Every structure is written in C-alpha cells, then in structure tokens.
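J.:
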Amino acid sequence: DGGITQSPKYLFRKEGQNVTLSCEQNLNHDAMYWYRQDPGQGLRLIYYSQIVNDFQKGDIAEGYSVSREKKESFPLTVTSAQKNPTAFYLCARRTTSTDTQYFGPGTRLTVL
Amino acid sequence: EDQVTQSPEALRLQEGESSSLNCSYTVSGLRGLFWYRQDPGKGPEFLFTLYSAGEEKEKERLKATLTKKESFLHITAPKPEDSATYLCAVQGNSNYQLIWGAGTKLIIKP
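Printed below as a string of structure tokens:
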C-alpha cells in the first residue's frame with residue numbers, strides 16, 4: 005500500500021453534502037499530497053502539505069479543503085461547492101531522500 | 012510552461028512483442044523524472060526515478076532511459092501481466108510538485 009492507507013474505497017454522496025476522505029501514513033514522512041484523477045487525464049494536484057499545520061493549494065483547490073493537525077493524517081473534505089466531484093482521489097507521501105511519491109489505494113467518489 | 016506528453020495513448024502488443032513508450036517533457040531544470048504503473052481501480056505503483064540525461068534503470072522486463080527532452084520505457088518480451096497504464100511525471104527545480112502525463116494504456120494479448 006506504499007505506507008499510505010485511504011478510506012473508504014468507495015464513497016457515494018448526495019448533491020449538497022460535504023464528505024471527508026481519510027488518508028493516513030505510518031512512515032513518519034512530512035510531505036503529503038492529494039490528487040484527483042479523471043479518465044484520460046493526468047493526475048491533478050488538489051492540495052499538499054510539507055509540515056504539520058501548514059498546507060498549500062494545488063492547481064484545482066476550489067471546492068476542497070484539508071487539514072494537517074497530525075503528521076500521520078491528511079484528510080480531504082469535498083465540499084458542496086465542488087461542482088463536479090465524481091472522480092478517483094489519490095493520496096501520496098513523499099520521501100525526502102529521493103523526492104519519490106508513493107500512493108495509497110485511492111477512493112472513488114460518486115455523486116448521486 | 013512545464014508540461015509532459017506521453018505517447019501513444021494506447022498500445023496493443025502480442026505477448027513477447029517488445030516495444031517502447033515515450034514521455035516528452037518541458038521543465039525548468041529537471042530535478043527528477045518518475046515512471047509509475049497503474050492497474051485499474053488502484054493507486055499508481057512506483058517503478059523508476061531518473062535524474063540526469065544518459066541515466067538508465069532496469070526492473071525485470073522494463074528499462075527506463077532519459078535524454079534532455081524525453082524518456083523511454085522499453086518493455087522486452089512482455090507478458091499479459093504487464094498490461095496496465097504507465098504514467099510519467101517530472102519535477103522541476105522550482106518546487107516539489109510533479110507535472111503528470113496522461114498515461115499510456117498498454118495491453119498485452121496472450
């Protein structure tokens with residue numbers, strides 16, 4: 005699992021609801037990332053965090069929010085302001101020695 | 012503008028038929044080029060990191076090479092289990108964000 009766990013694997017949301025996707029890492033790495041993947045497109049960065057209590061917006065942050073209260077946890081909230089939230093969401097951690105990102109298994113979010 | 016283009020979008024091969032996937036990139040100061048394999052419904056699995064032109068890395072039937080403008084992922088005598096989408100990403104010197112290509116879907120027929 006690349007040292008990253010994501011839950012749930014599948015998530016269904018009604019329009020107008022906020023949902024939170026979980027991402028946990030057990031390898032004490034500082035940097036964590038959230039990506040969105042749509043069919044036929046490259047991964048797009050939503051948010052990333054280099055250290056606890058600090059995070060930066062990526063290319064498509066609108067309609068999303070994150071928190072980083074603990075080093076091992078980086079949850080993503082998909083808010084009702086996100087107009088097209090149906091997608092596959094991936095969380096990653098980065099090793100500082102090689103800059104390599106390792107991914108979790110992903111969460112598939114579907115809006116009903 | 013930093014960008015990554017992968018070709019072809021899809022590639023169908025017979026088992027044992029060797030070929031190459033291409034990743035062309037434009038980036039301000041290459042810090043690293045990364046190859047990943049992704050199976051349907053799963054997260055990307057790390058394969059290789061290349062740091063400088065001329066560098067090569069191998070893993071089983073896969074070999075990655077790097078020039079100043081592109082990288083190739085060579086697959087030798089592929090097997091059906093090599094079927095997957097292969098993703099390429101680059102990191103420039105300016106930050107720790109990766110720029111991703113759209114991927115090449117590889118299908119190996121038995």
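Going line by line, the protein sequences match chains S and C.
Its first residue numbered 5, the first sequence is counted upward by one per residue in the numbering used here.
Its first residue numbered 12, the second sequence is counted upward by one per residue in the numbering used here.
Even glycine gets a Cβ: it sits at the ideal position worked out from N, Cα and C.
As the structure is a prediction and not an experimental result, all values here were calculated from the model.
#1: CA-CA distance, S/Arg97 and C/Tyr62?
#2: Based on the DSSP output, what are the partners of S/Phe107 in its beta bridges?
#3: Look at C/Asn104 and C/Ser39 and say whether their C-beta atoms are less than 8 angstroms apart.
#4: Please go through the same chain and pick out, in chain order, the residues whose beta-carbon is closer than 7 angstroms to the beta-carbon of S/Asp63, but skip the five residues on each side of it.
#5: Taking Cβ positions only, does S/Thr104 come closer than 8 angstroms to chain C?
#6: Need the endpoints of the beta strand (DSSP E) that S/Asp51 sits in, please.
#7: Taking the continuous beta strand (DSSP E) assigned at C/His85, which residues delimit it?
#8: Tell me where the beta strand (DSSP E) around S/Asp117 begins and ends.
#9: Find the residues of chain C that neighbour S/Gly44, judging by a C-beta separation of less than 9 angstroms, and give them in chain order.
T.: If we stick to the structure as given:
#1: Against the first sequence, residue 97 of chain S aligns to sequence position 93. Against the second sequence, residue 62 of chain C aligns to sequence position 51. Between S/Arg97 and C/Tyr62, the C-alpha separation is close to 19 angstroms.
#2: Reading the first sequence from its first residue, position 103 is the one you call residue 107 of chain S. Note: S/Phe107 sits in a beta bridge opposite S/Ala96.
#3: Translated into the one-based positions of the second sequence, residue 104 of chain C becomes position 93. Translated into the one-based positions of the second sequence, residue 39 of chain C becomes position 28. For C/Asn104 and C/Ser39, yes; Cβs fall inside 8 angstroms.
#4: As a working note, residue 63 of chain S is residue 59 in the first sequence. Excluding positions up to five away in sequence, the list reads Arg48, Leu49.
#5: To locate residue 104 of chain S, count along the first sequence from 1; it is residue 100. So, interface residue.
#6: Within the first sequence, numbered from 1, the residue matching residue 51 of chain S stands at position 47. Residue identity check: residue 51 of chain S is Tyr in the sequence provided, not Asp. Taken as a continuous stretch (DSSP letters only), the beta strand (DSSP E) holding S/Tyr51 covers 48 to 55.
#7: As a first step, residue 85 of chain C is located in the second sequence; it is residue number 74 there, counting from the start. Element bounds for C/His85: 81 to 86.
#8: As shown, chain S starts at 5 and ends at 116. That puts residue 117 of chain S outside it, with no answer to give.
#9: Your numbering for residue 44 of chain S matches position 40 in the first sequence. Ordered by position in chain C, the residues that pass the 9 angstroms Cβ test against S/Gly44 are Glu20, Ala113, Gly114.
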